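Engineer: Chains as they are written, first to last, in the numbering used here: chain A, 5 to 370; chain B, 112 to 409.
All C-beta atoms in this analysis are idealised placements derived from N, C-alpha and C, irrespective of residue type, glycine included.
In this text, all values refer to a predicted model and were calculated from it rather than measured experimentally.
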């Protein structure tokens, strides 16, 4: 797999977050490098748009700017719920800031693609630091500070986010807050779920079980071999479970971060994470639902993947075995850094608290 | 990456935090998205990082810089081994930093403090130190097959060092002492009068103590596996190597078996293809906070 190509060269000049100071990110200099038709003139590219609107809403706490940057009708999918109006986006943002008043969002990377019809797709990896000062979706306030990684995948058009998938590593967060993921899930399960959410998760489960990927061919702007690599990653790991083939995908010192504090370096540890996690859903099937590829420096590429997994939950853990036999659905996102054709670093994010909450609520209900 | 400026400003800023309490300078070097890992706790953002530093400065005071060694690989990764003498301590302590930077700004700092030397310096014990030591990030180790099978792939120094790097063969042998427990290498790759600074060791000891150390650790850990994370060499310091690595293994305690991870940093000085000096840094207080129900490994 080549790490650069003509399309990637064309993308050079678009903001790359990694080495940028905050001052530079908030005050970009230089000319626009993308047309961004329909977007405000102040934005020089789609990365700049995402970084600055996130900063305004979350860091500056101008929650009402959601009205400027979200479409009135904007479906937002998480593993814990569904909403589709900007009003609810504003309300949820306000509630989160009330529970975690010092929440700060540190943009780690924005991997993007230009899809078509002046529509951009962004996959924004964020590290948040937040102190739990008031009751939250996980229970009463603990007063503890935690860190959490989020990947927000957004479809952006005409200066607004028109569709969003939000993945947050809540099991890692609640452990720092002093709450067990299962207790957090039980608290979350007390909240009613909407008919729309129940309908969505059931249909998504059926789609993935039928192996109907949202993406079946290399999309516009993504090289065939990049698409092939990611398809192989999904298929080798989640469908075939051939872990000795990880050597074809990962470098010997590849660093991998998975939810709940799973961190490892090297092939044996990576195989361990995958084996242990997938053992609780041994008949799992996964689909590749979106891919975006951008260059990182001159020798590497960054890939953002949105993927879904469905199967039958099966646990021997005394705490969770009561849910064995139930359907399990997972909405997940992964960012990969590729060097010389193999993964050098991986960040995979999904919400294990909501996954457990859905098991408690028997969702998807088939 | 082309480094455009002398890296000394980065290193001076990091050390001035400990020697002068100069927070503004180090803050000015850290990117908004920079992480600072210390005691297995990863601090992001000014608030968390400042809290970490003020905690250290309050407990240890400013430090005198006794000795420092810096390796810079020329592509944005550096290692700093420093001996600091805290004002509130009696004896010097060792710290080691792995730093990712671009000469202007710092993206990542991974700092290990040898808490055994710190305990001695402050004349305190693990229990007291752990009351103010940062709480490590949650860690979930997923178990795996630790065996080196003929068809499996494992990192070793030669697989991650540039082909032209010096001392690769010696480093391969050094790694085999840990990964494969090939203890006979201790006799062949160390100079006879080599000085070994094991965790907590102030004066430096001999290869005999290293033999004891390796066998004691590997006897304590069942199903052990060593994983290389990073190797830093410096073209201008061809006789020195810094290595970040960890060893995982099972520890039996009664009927319970727990898998643990020991994060380690090594700094090697070589002469005539043999190791003349070795520093091994380990934060045993952070380890004990991460695995609180287990006895110390050293």
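Interface residues of chain B around residue 280 of chain A at Cβ under 7 Å?
Structural biologist: Here the question's residue 280 of chain A lines up with position 276 in the first chain. Going along chain B in sequence order, the residues near residue 280 of chain A (Cβ under 7 Å) are 253 and 254.
Engineer: Counting only Cβ-Cβ distances shorter than 8 Å, please list the residues of the stretch 176–191 of chain A near chain B, keeping chain order.
Structural biologist: Under the 8 Å Cβ criterion, the stretch 176–191 of chain A contributes 176, 179 and 180.
Engineer: Specify, as a first and last residue, the run of the alpha helix (DSSP H) that residue 202 of chain A falls within.
Structural biologist: Mapped onto the first chain, residue 202 of chain A falls at position 198. Residues 199–213.
Engineer: So the candidates are B/167, B/181 and B/184; which of them puts its Cα closest to the Cα of residue 197 of chain B?
Structural biologist: Counting from one through the second chain, the residue named residue 197 of chain B turns up at place 86. Measuring from the Cα of residue 197 of chain B, the nearest candidate turns out to be B/167.
Engineer: So, with DSSP's three-state summary, where would you put residue 357 of chain A?
Structural biologist: Mapped onto the first chain, residue 357 of chain A falls at position 353. In this structure, residue 357 of chain A counts as helix in the three-state DSSP scheme.
Engineer: Count the C-beta pairs between the stretch 132–151 of chain B and the stretch 223–235 of chain A that are closer than 8 Å, then say yes if the count reaches three, no if not.
Structural biologist: With the cut-off at 8 Å, the stretch 132–151 of chain B and the stretch 223–235 of chain A do not touch.
Engineer: Once the 5 residues before and after residue 130 of chain A are set aside, which same chain residues still bring their CB inside 8 Å of it?
Structural biologist: Within the first chain, numbered from 1, the residue matching residue 130 of chain A stands at position 126. For residue 130 of chain A, where only same-chain residues beyond five positions count, the Cβ hits under 8 Å are 58, 109, 110, 111, 112, 153, 154, 155 and 156.
Engineer: Is there a Cβ of chain B sitting closer than 8 Å to that of residue 26 of chain A, yes or no?
Structural biologist: Translated into the one-based positions of the first chain, residue 26 of chain A becomes position 22. With 8 Å as the cut-off, residue 26 of chain A counts as an interface residue toward chain B.
Engineer: Taking the alpha carbon of residue 299 of chain B as the point to measure from, which residue in B/288, B/308 and B/194 has its own alpha carbon closest?
Structural biologist: On the second chain, position 188 is the one that residue 299 of chain B refers to. Comparing Cα positions, the closest option is B/288.
Engineer: If residue 70 of chain A sits next to residue 51 of chain A, beta carbons under 8 Å apart, how far is it from one beta carbon to the other, in whole angstroms?
Structural biologist: If you number the first chain from 1, residue 70 of chain A lands on position 66. If you number the first chain from 1, residue 51 of chain A lands on position 47. Actually they do not touch by this definition, with Cβ atoms about 20 Å apart.
Engineer: Output needed for residue 286 of chain B: all residues of its chain with C-beta closer than 8 Å, excluding positions within five of it in sequence on either side, in chain order.
Structural biologist: The count along the second chain starts at 1 and reaches residue 286 of chain B at position 175. Same-chain partners within the cutoff: 267, 268, 337 and 339.
Engineer: Label residue 237 of chain A either buried or exposed according to how many other C-beta atoms from any shown protein chain fall within 10 Å of its C-beta, with 16 as the threshold for buried.
Structural biologist: Taking the first residue of the first chain as 1, we reach residue 237 of chain A at position 233. Counting Cβ neighbours within 10 Å, residue 237 of chain A comes out buried, since at least 16 surround it.
Engineer: Closest Cβ-Cβ distance between residue 282 of chain B and chain A: below 8 Å?
Structural biologist: Taking the first residue of the second chain as 1, we reach residue 282 of chain B at position 171. It does not; no Cβ of chain A falls within 8 Å.
Engineer: Pick helix, strand or coil for residue 281 of chain B, following the three-state DSSP scheme.
Structural biologist: Stepping through the second chain from its first residue, residue 281 of chain B is reached at position 170. Three-state result, residue 281 of chain B: helix.
Engineer: Tell me the DSSP secondary structure of residue 364 of chain B in three-state form.
Structural biologist: Position 253 of the second chain, counting from 1, holds the residue named residue 364 of chain B. Reduced to three states, the DSSP call for residue 364 of chain B is strand.
Engineer: Taking the Cβ atom as the reference point for each residue, do residue 256 of chain A and residue 260 of chain B lie within a distance shorter than 8 Å?
Structural biologist: Against the first chain, residue 256 of chain A aligns to sequence position 252. Against the second chain, residue 260 of chain B aligns to sequence position 149. No, they are not a contact pair.
Engineer: Find the nearest neighbour of residue 37 of chain A within the set A/30, A/48, A/329 and A/31, judged by alpha-carbon distance.
Structural biologist: Counting from one through the first chain, the residue named residue 37 of chain A turns up at place 33. With distances taken between Cα atoms, residue 37 of chain A lies closest to A/48.
Engineer: Can you find a C-beta in chain A that's less than 8 Å from the C-beta of residue 153 of chain B?
Structural biologist: Taking the second chain and counting its residues from 1, one reaches residue 153 of chain B at position 42. True, the Cβ-Cβ gap to chain A drops below 8 Å.
Engineer: Under 8 Å, CB to CB, which of the residues in the stretch 102–118 of chain A have a partner in chain B?
Structural biologist: The residues in question are 106, 108, 110, 111 and 112.
Engineer: Give me, in chain order, the residues of the same chain whose beta-carbon lies closer than 7 Å to that of residue 213 of chain A; leave out the 5 immediate sequence neighbours on both sides.
Structural biologist: Against the first chain, residue 213 of chain A aligns to sequence position 209. These residues qualify, in order along the chain: 289 and 314.
Engineer: Counting Cβ pairs, one atom from each stretch, are 3 or more of them under 8 Å apart for the stretch 316–327 of chain A and the stretch 189–205 of chain A?
Structural biologist: Result no; under three Cβ-Cβ pairs closer than 8 Å.
Engineer: Touch check for the stretch 303–320 of chain B and the stretch 378–388 of chain B: three-plus C-beta pairs under 8 Å?
Structural biologist: Because the criterion of three Cβ pairs below 8 Å is met, the stretch 303–320 of chain B and the stretch 378–388 of chain B touch.
Engineer: State the DSSP-derived secondary structure class of residue 43 of chain A, mapped to helix, strand or coil.
Structural biologist: In the first chain, the residue the question calls residue 43 of chain A occupies position 39. The answer is coil: DSSP assigns residue 43 of chain A none of H, G, I, E or B.
Engineer: At a Cβ threshold of 8 Å, is residue 269 of chain A touching chain B?
Structural biologist: Your numbering for residue 269 of chain A matches position 265 in the first chain. It does; some Cβ of chain B falls within 8 Å.
Engineer: Which runs of the beta strand (DSSP E) at least 3 residues long sit entirely within the stretch 63–132 of chain A? Give them in chain order.
Structural biologist: Whole beta strand (DSSP E) segments, 3+ residues: 77–82, 85–89 and 108–120.
Engineer: So what does DSSP say about residue 137 of chain B, is it helix, strand or coil?
Structural biologist: Residue numbering aside, residue 137 of chain B sits at position 26 when the second chain is read from its first letter. In this structure, residue 137 of chain B counts as helix in the three-state DSSP scheme.
Engineer: What do you reckon, are the CB atoms on residue 56 of chain A and residue 30 of chain A nearer than 8 Å?
Structural biologist: Stepping through the first chain from its first residue, residue 56 of chain A is reached at position 52. Stepping through the first chain from its first residue, residue 30 of chain A is reached at position 26. Going by C-beta atoms, residue 56 of chain A is nearer than 8 Å to residue 30 of chain A.
Engineer: Could you give the distance in angstroms between the alpha-carbon of residue 54 of chain A and the alpha-carbon of residue 120 of chain A?
Structural biologist: Your numbering for residue 54 of chain A matches position 50 in the first chain. Your numbering for residue 120 of chain A matches position 116 in the first chain. Distance between the alpha carbons of residue 54 of chain A and residue 120 of chain A is about 18 Å.
Engineer: Run through chain B and tell me which residues come within less than 7 Å of residue 276 of chain A, C-beta to C-beta.
Structural biologist: Indexing the first chain from 1 puts residue 276 of chain A at position 272. Those within 7 Å of residue 276 of chain A in chain B are 253, 254 and 255.
Engineer: Closer than 8 Å is the cut-off here; do at least three beta carbon pairs connect the stretch 178–187 of chain A with the stretch 73–93 of chain A?
Structural biologist: Too few Cβ pairs lie closer than 8 Å, so no.
Engineer: Taking the DSSP output, what are the residues bridged to residue 364 of chain A?
Structural biologist: For this step, residue 364 of chain A is matched to residue 360 along the first chain. Paired residues: none, contrary to the question.
Engineer: Taking the DSSP output, what are the residues bridged to residue 327 of chain A?
Structural biologist: Working through the first chain from its first residue, we reach residue 327 of chain A at position 323. Note: residue 327 of chain A sits in no beta bridge, so no partner.
Engineer: Looking at the C-beta of residue 248 of chain B, does it have a partner C-beta in chain A at a distance below 8 Å?
Structural biologist: Working through the second chain from its first residue, we reach residue 248 of chain B at position 137. Chain A contact via Cβ: present.
Engineer: Return helix, strand or coil for residue 116 of chain B, following the three-state DSSP convention.
Structural biologist: The count along the second chain starts at 1 and reaches residue 116 of chain B at position 5. Below a pLDDT of 50, predicted positions are generally treated as unreliable, and residue 116 of chain B, at 42, falls in that range; the measurement from the model is reported next regardless. Residue state, collapsed to three classes: coil.
Engineer: For residue 398 of chain B and chain A, any beta-carbon pair shorter than 8 Å?
Structural biologist: Translated into positions along the second chain, residue 398 of chain B becomes position 287. No, because no Cβ of chain A sits closer than 8 Å to the Cβ of residue 398 of chain B.
Engineer: Who pairs with residue 158 of chain A in a beta bridge, going by DSSP?
Structural biologist: In the first chain, residue 158 of chain A corresponds to position 154, counting from 1. Residue 158 of chain A is bridged to A/126 and A/168.
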